[in-house]
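Below is one structure, written out as structure tokens; comments come after it.
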Amino acid sequence: MIDVLYFAWVRERVGLPREQVETSAATVADLVEELKARQERYAAAFADVSALRVAVDQELCAFDTPLAGVREVAFFPPMTGG
Amino acid sequence: MIDVLYFAWVRERVGLPREQVETSAATVADLVEELKARQERYAAAFADVSALRVAVDQELCAFDTPLAGVREVAFFPPMTGG
Amino acid sequence: MTVRVQQDRFDLGAEVQGFAQGCNTSGAVVNFTGIVRNTPDGDLDRMEIEHYPGMTQSALAEIEAKAVKRWSLKGSLIIHRYGILRPGDMIMMVATAAPHRVDAFESAQYLMDYLKSRAPFWKKEFTTDGHQWVEAKDADEAALTRW
Amino acid sequence: MTVRVQQDRFDLGAEVQGFAQGCNTSGAVVNFTGIVRNTPDGDLDRMEIEHYPGMTQSALAEIEAKAVKRWSLKGSLIIHRYGILRPGDMIMMVATAAPHRVDAFESAQYLMDYLKSRAPFWKKEFTTDGHQWVEAKDADEAALTRW
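Chains as they are written, first to last, in this note's numbering: chain L, 1 to 82; chain V, 1 to 82; chain C, 1 to 147; chain G, 1 to 147.
Structure, rendered in structure tokens:
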């Protein structure tokens, strides 16, 4: 079980801020494919992965990051702090 | 008559902060030569003109600036503001 | 070396004064303050800032630690707000202290460049017409390449 | 667009707060504060800052006007003290306000670079051993070439 978090318009498109996901996906990219296959709202949120960023266990990562041992994955658009 | 002002170590070497000078010097450089010829303390203050800056009527200028119509000339070392 | 992530307003004057006094062996103190700017049409009602609570504090602390090390800072402070802000409200501030001005300026710019693109905040603007997420600018991402 | 040359202390917190509030349509406010640093040996008793009263105000106003024009600043403030200052005392501050952070940072750095080498102030340090004039640094003069 992995905690999956969504922020900003990713959260709005998916329709919830976080959920627990039972997955055997090997990488973040695999997890994205699993989610997209679930329902249209996931497909809409993940339509253009190049517009997204991902944090794995609260560290920014690439989409090919392995999920073994990971507790938390977060998806969001490019950050706009400051 | 020109008001001549001295600041920082130029003031200390000359021994006074300002004086009125009767001069027919054509340029600042000529005025410097006149002053150096006066007394040792001026010669000491103006020994190395490259270490000095000059303001003519309160604007930074070059040493070849003409003195015609000028009311105030100030000599000082490079500034250290901020 | 302080990071604060908070919903409440902060007292810029008191923060800057306290920071400068605490770093008064440093010579140079630089402060940047970000303020909610209105839209060109002046129709901004509010900005809502969302963040990633588990990650924000540590991401900011990591950015700060890199700046402190790189410029041998004598002090640094980051305060960043989230929640609902109105035009004219202060969003955030950074402060840096160093013996010389170039280091204080550069490190403050470094903090800001990284905060813009690497701290997990997202801004949504609500105008009288509707609302939209503030998009990241290419220039902000590009700014990181100089460090 | 304010320049103040004064012997008295200034209240950094109040100045920065007031400046930022007065420029709160600007988005980005940068402040630099210069503080009397002690010597490496810690033996500085005081610094005496001399200036050229007839010229100082106008020289600072001219530097400020150039920055305001070049970066289209929404606000700017320069405060510079003279007289006797002790280690830890604040010597001066500048503040700039602009819509975007790059302009606020650059203009503040511009003000500082010009203040260092073109504003008629001279500093003398008094230590327990004696006294000496602070010498201008080649690096400060060189800093002007980037503008």
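Here a beta-carbon is modelled for each residue, glycine too, at the ideal position from N, C-alpha and C.
Worksheet item: Tell me the DSSP bridge mates of T2 of chain C?
Response: As a working note, residue 2 of chain C is residue 2 in the third sequence. T2 of chain C pairs with C:L77.
Practice prompt. Kindly indicate which residue of G:T128, G:E135, G:E141 has the alpha-carbon position closest to the one of L44 of chain G.
Written response: Within the fourth sequence, numbered from 1, the residue matching residue 44 of chain G stands at position 44. Considering only alpha carbons, the answer is G:T128.
Item to complete: Count the other CB atoms, across all protein chains shown, that sit within 10 Å of the CB of G84 of chain L; report buried if there are 16 or more and exposed otherwise.
Response: Residue 84 of chain L lies beyond the stretch modelled for chain L, which goes from 1 to 82, so this question has no answer here.
Worksheet item: So R41 of chain V and G81 of chain V are in contact, right, with Cβ under 8 Å, and what is the actual spacing, rounded?
Response: As a position in the second sequence, residue 41 of chain V is number 41, starting the count at 1. As a position in the second sequence, residue 81 of chain V is number 81, starting the count at 1. Between R41 of chain V and G81 of chain V a beta carbon distance of about 27 Å is seen, past the 8 Å cut, so the two are scored as non-contacting.
Practice prompt. Within 10 angstroms of the Cβ of W71 of chain G, are there 16 or more other Cβ atoms? Answer buried if so, exposed if not.
Written response: Within the fourth sequence, numbered from 1, the residue matching residue 71 of chain G stands at position 71. It counts as buried.
Discussion item. Only counting the same chain, and skipping five residues up and downstream in sequence, which positions put a Cβ closer than 6 Å to that of A143 of chain C?
Written reply: To locate residue 143 of chain C, count along the third sequence from 1; it is residue 143. Counting only Cβ-Cβ distances below 6 Å, and skipping sequence neighbours, we find D113.
Discussion item. Using only CA atoms, which one of L:I2, L:R13, L:F75, L:A25 lies nearest to Y52 of chain C?
Written reply: Position 52 of the third sequence, counting from 1, holds the residue named residue 52 of chain C. Closest by alpha carbon: L:F75.
Fill in: Residues that G82 of chain L contacts on chain C, provided the C-beta gap is smaller than 7 Å
Against the first sequence, residue 82 of chain L aligns to sequence position 82. Those within 7 Å of G82 of chain L in chain C are G34, M92, M112, L115, K116.
Worksheet item: Along chain V, which residues have their Cβ under 8 Å away from the Cβ of V134 of chain G?
Response: In the fourth sequence, the residue the question calls residue 134 of chain G occupies position 134. Those are T80, listed as they occur along chain V.
Fill in: Cβ pair count under 8 Å reaching 3, the stretch 1-8 of chain G against the stretch 68-86 of chain G
Short answer: they touch.
Practice prompt. Identify which residue in C:W147, C:E135, C:F32, C:P120 has its Cα closest to the Cα of A108 of chain G.
Written response: Taking the fourth sequence and counting its residues from 1, one reaches residue 108 of chain G at position 108. Per the Cα distances, C:F32.
Discussion item. Here's a check: name, in chain order, each residue in its chain whose Cβ is nearer than 6 Å to the Cβ of M55 of chain G, leaving out the five neighbours to either side.
Written reply: The count along the fourth sequence starts at 1 and reaches residue 55 of chain G at position 55. Hits under 6 Å: P120.
Worksheet item: For R37 of chain G versus T96 of chain C, is the C-beta spacing smaller than 9 Å?
Response: Within the fourth sequence, residue 37 of chain G is the residue found at index 37, counting from 1. Within the third sequence, residue 96 of chain C is the residue found at index 96, counting from 1. No.
Worksheet item: Would a check of beta-carbon distances place E72 of chain L closer than 9 Å to chain C?
Response: Stepping through the first sequence from its first residue, residue 72 of chain L is reached at position 72. Yes, because at least one Cβ of chain C sits closer than 9 Å to the Cβ of E72 of chain L.
Discussion item. Can you find the residues in the same chain that come closer than 7 Å, C-beta to C-beta, to L12 of chain G, ignoring five residues on each side of it along the sequence?
Written reply: Indexing the fourth sequence from 1 puts residue 12 of chain G at position 12. For L12 of chain G, where only same-chain residues beyond five positions count, the Cβ hits under 7 Å are T33, M90, M93.
Worksheet item: Does the beta-carbon distance from T65 of chain V to V28 of chain V come in below 9 Å?
Response: As a working mapping, residue 65 of chain V is identified with position 65 in the second sequence. As a working mapping, residue 28 of chain V is identified with position 28 in the second sequence. For the 9 Å CB-CB criterion, T65 of chain V and V28 of chain V form a contact.
Item to complete: Mind checking the stretch 11-44 of chain C against chain G and listing, in chain order, the residues whose C-beta falls within less than 7 Å of any C-beta there?
Response: Per Cβ criterion, the list reads L12, G13, A14, V16, Q17, A20, N24, T25, S26, G27, A28, V29, V30, N31, F32, T33, G34, I35, R37, N38.
Worksheet entry | Check whether F105 of chain G and A28 of chain G have beta carbons under 9 Å apart | Residue 105 of chain G sits at position 105 when you count from the first residue of the fourth sequence. Residue 28 of chain G sits at position 28 when you count from the first residue of the fourth sequence. Pairing F105 of chain G with A28 of chain G gives a Cβ-Cβ distance under 9 Å.
Worksheet item: Does any C-beta atom of chain L lie closer than 9 Å to the C-beta of F126 of chain C?
Response: For this step, residue 126 of chain C is matched to residue 126 along the third sequence. So, not an interface residue.
Discussion item. Quick check on the burial criterion: 16 or more other C-beta atoms within 10 angstroms. Buried or exposed for R53 of chain V?
Written reply: Position 53 of the second sequence holds residue 53 of chain V. With 16 or more other CB atoms across the displayed protein chains lying within 10 angstroms of its CB, R53 of chain V is buried.
Fill in: Backbone secondary structure at A65 of chain C - three-state DSSP
Taking the third sequence and counting its residues from 1, one reaches residue 65 of chain C at position 65. The DSSP-derived three-state label of A65 of chain C is helix.
Worksheet item: Near P87 of chain G, what residues of its chain come up, given a Cβ to Cβ distance below 6 Å and the 5 sequence neighbours on each side ignored?
Response: The residue you call residue 87 of chain G lines up with position 87 of the fourth sequence. Within the same chain, V36, N38, L44 come within 6 Å of P87 of chain G by CB-CB distance, once the 5 residues on both sides are set aside.
Worksheet item: Which bits of chain G does L52 of chain V rub up against, with CB to CB less than 7 Å?
Response: Taking the first residue of the second sequence as position 1, residue 52 of chain V is located at position 52. In chain order: nothing, as chain G lies at least about 11 Å away.
Discussion item. Would A139 of chain G pass as an interface residue toward chain V - the criterion being a Cβ-Cβ separation below 9 Å?
Written reply: Within the fourth sequence, residue 139 of chain G is the residue found at index 139, counting from 1. Not an interface residue.
Item to complete: Just the chain G side, please: which residues come within less than 9 Å of F7 of chain V by C-beta, in chain order?
Response: On the second sequence, position 7 is the one that residue 7 of chain V refers to. Residues of chain G passing the Cβ test: E50, H51, Y52, P120, W122.
Item to complete: Report all residues from its chain with a CB closer than 7 Å to the CB of H131 of chain G; omit the five preceding and five following residues, and keep chain order.
Response: As a first step, residue 131 of chain G is located in the fourth sequence; it is residue number 131 there, counting from the start. Only K124, E125 meet the Cβ criterion.
Worksheet entry | Near-chain V residues of the stretch 68-93 of chain G (beta-carbon distance less than 8 Å), N- to C-terminal order | Those residues of the stretch 68-93 of chain G that come within reach of chain V (Cβ to Cβ, closer than 8 Å) are H80, I91, M92.
Practice prompt. Under 7 Å between beta-carbons, which chain G residues line up against Q58 of chain V? List them in chain order, please.
Written response: Here residue 58 of chain V refers to the residue found at position 58 when the second sequence is read from its first residue. Q58 of chain V reaches chain G at G54, M55, S58, counting residues in chain order whose Cβ is nearer than 7 Å.
Worksheet item: Does the separation of the CB atoms of W9 of chain L and P78 of chain L fall below 9 Å?
Response: The count along the first sequence starts at 1 and reaches residue 9 of chain L at position 9. The count along the first sequence starts at 1 and reaches residue 78 of chain L at position 78. Cβ atoms of W9 of chain L and P78 of chain L: not closer than 9 Å.
Item to complete: Compute the distance between the beta-carbons of D140 of chain C and S117 of chain C, then report whether it is under 9 Å.
Response: Locating residue 140 of chain C in the third sequence gives position 140, counting from the first residue. Locating residue 117 of chain C in the third sequence gives position 117, counting from the first residue. Yes. Within cutoff.
Item to complete: With DSSP as the reference, label L16 of chain L as helix, strand or coil.
Response: Taking the first residue of the first sequence as position 1, residue 16 of chain L is located at position 16. Residue state, collapsed to three classes: coil.
Item to complete: Look up T127 of chain C in the DSSP assignment and give the residues it is bridged to.
Response: In the third sequence, counting from the first residue as 1, residue 127 of chain C sits at position 127. DSSP lists C:L44 as partners of T127 of chain C.
Discussion item. Quick test of your reading: V30 of chain C and V16 of chain G, contact by CB under 8 Å. State the CB separation rounded to the nearest angstrom.
Written reply: By 1-based counting over the third sequence, the position of residue 30 of chain C is 30. By 1-based counting over the fourth sequence, the position of residue 16 of chain G is 16. Taking C-beta atoms under 8 Å as the contact rule, V30 of chain C and V16 of chain G fail to qualify, at a distance of about 12 Å.
Practice prompt. Return no unless some Cβ of chain C is closer than 9 Å to the Cβ of A143 of chain G.
Written response: Along the fourth sequence, one-based indexing puts residue 143 of chain G at 143. Using a Cβ-Cβ cut-off of 9 Å, A143 of chain G counts as an interface residue toward chain C, since at least one Cβ of chain C sits closer than that to its own.
Worksheet item: Can you name, in chain order, every residue of its own chain whose Cβ lies under 7 Å from the Cβ of A43 of chain V, other than the five neighbours on each side?
Response: Reading the second sequence from its first residue, position 43 is the one you call residue 43 of chain V. Once the five neighbours on either side are set aside, the close Cβ partners of A43 of chain V are K36.
Worksheet entry | Cβ neighbour criterion (16 or more within 10 Å) applied to I49 of chain C | Locating residue 49 of chain C in the third sequence gives position 49, counting from the first residue. So I49 of chain C ends up on the buried side.
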